[in-house]
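Trainee: Can you keep this structure in mind? I'll have questions shortly.
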Amino acid sequence: MVLQDQELNLRNAVSVSEAGLRAIHAGDDIIDMTALESVDSSAVAVMLAWQRRAQATNRKLRFVGVSSSLFSLISLYGLTDFFHLSASIQAERH
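Residue numbering for the sequence shown follows the numbering used here, starting at 1 and increasing by one per position.
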């Protein structure tokens with residue numbers, strides 16, 4: 001799934017989360033977050049929901065294109081080991 005939104009925050013977290021859950025249900029296991037330019041802690045909550053859904057179906061979810069600001073939030077919450085993070089889609093496929 002490729003996120004099209006440039007923001008992931010409280011305003012759009014529910015709709016983005018639902019779209020991601022549908023994509024995961026359909027078999028997507030890579031979430032491309034390259035387009036995100038602005039995030040708040042809602043982004044981490046959405047990622048947690050997606051990760052839990054993937055784990056519930058014994059699948060490994062990968063997040064690519066994670067910005068430094070989102071990585072900082074993930075680190076702040078002590079979740080860097082909980083997510084599989086890659087700098088780019090090319091790095092993930094090699």
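Note that the Cβ used here is the ideal one computed from N, Cα and C, for glycine as well.
Who are residue 62's beta bridge partners in DSSP?
Mentor: Counted from its first residue, the sequence shown places residue 62 at position 62. Residue 62 is bridged to 30, 84.
Trainee: Answer yes or no: do residue 95 and residue 14 have a C-beta to C-beta separation smaller than 8 Å?
Mentor: Only positions 1 to 94 of the chain appear in the structure, and residue 95 is not among them; the question remains open.
Trainee: Going by DSSP, which residues form a beta bridge with residue 7?
Mentor: Position 7 of the sequence shown, counted from the start, is the residue given in the question as residue 7. Answer is 38, bridged to residue 7.
Trainee: Do residue 12 and residue 39 come within 8 Å of each other at the CB atom, strictly closer than that value?
Mentor: Within the sequence shown, residue 39 is the residue found at index 39, counting from 1. Within the sequence shown, residue 12 is the residue found at index 12, counting from 1. Cβ distance not < 8 Å, so residue 39 and residue 12 don't count as in contact.
Trainee: Could you tell me whether any non-hydrogen atom of the ligand MG is closer than 7 Å to the CB of residue 3?
Mentor: Here there are no bound small molecules, and the ligand MG is not part of this structure.
Trainee: With C-beta atoms as the reference, is residue 46 less than 8 Å away from residue 74?
Mentor: Stepping through the sequence shown from its first residue, residue 46 is reached at position 46. Stepping through the sequence shown from its first residue, residue 74 is reached at position 74. No, Cβ-Cβ distance for residue 46 and residue 74 is not below 8 Å.
Trainee: I need the boundaries of the alpha helix (DSSP H) containing residue 14, first residue and last residue.
Mentor: Numbered from 1 along the sequence shown, position 14 holds the residue referred to as residue 14. That run of the alpha helix (DSSP H) goes 13-25.
Trainee: Within a Cβ cutoff of 6 Å, which residues of the same chain sit near residue 49, ignoring the five residues on either side of it in sequence?
Mentor: Against the sequence shown, residue 49 aligns to sequence position 49. If we look at residue 49 and ignore the five residues flanking it on each side, its Cβ neighbours are 17.
Trainee: Please name the residue or residues paired with residue 2 in a DSSP beta bridge.
Mentor: Residue numbering aside, residue 2 sits at position 2 when the sequence shown is read from its first letter. Per DSSP, 32.
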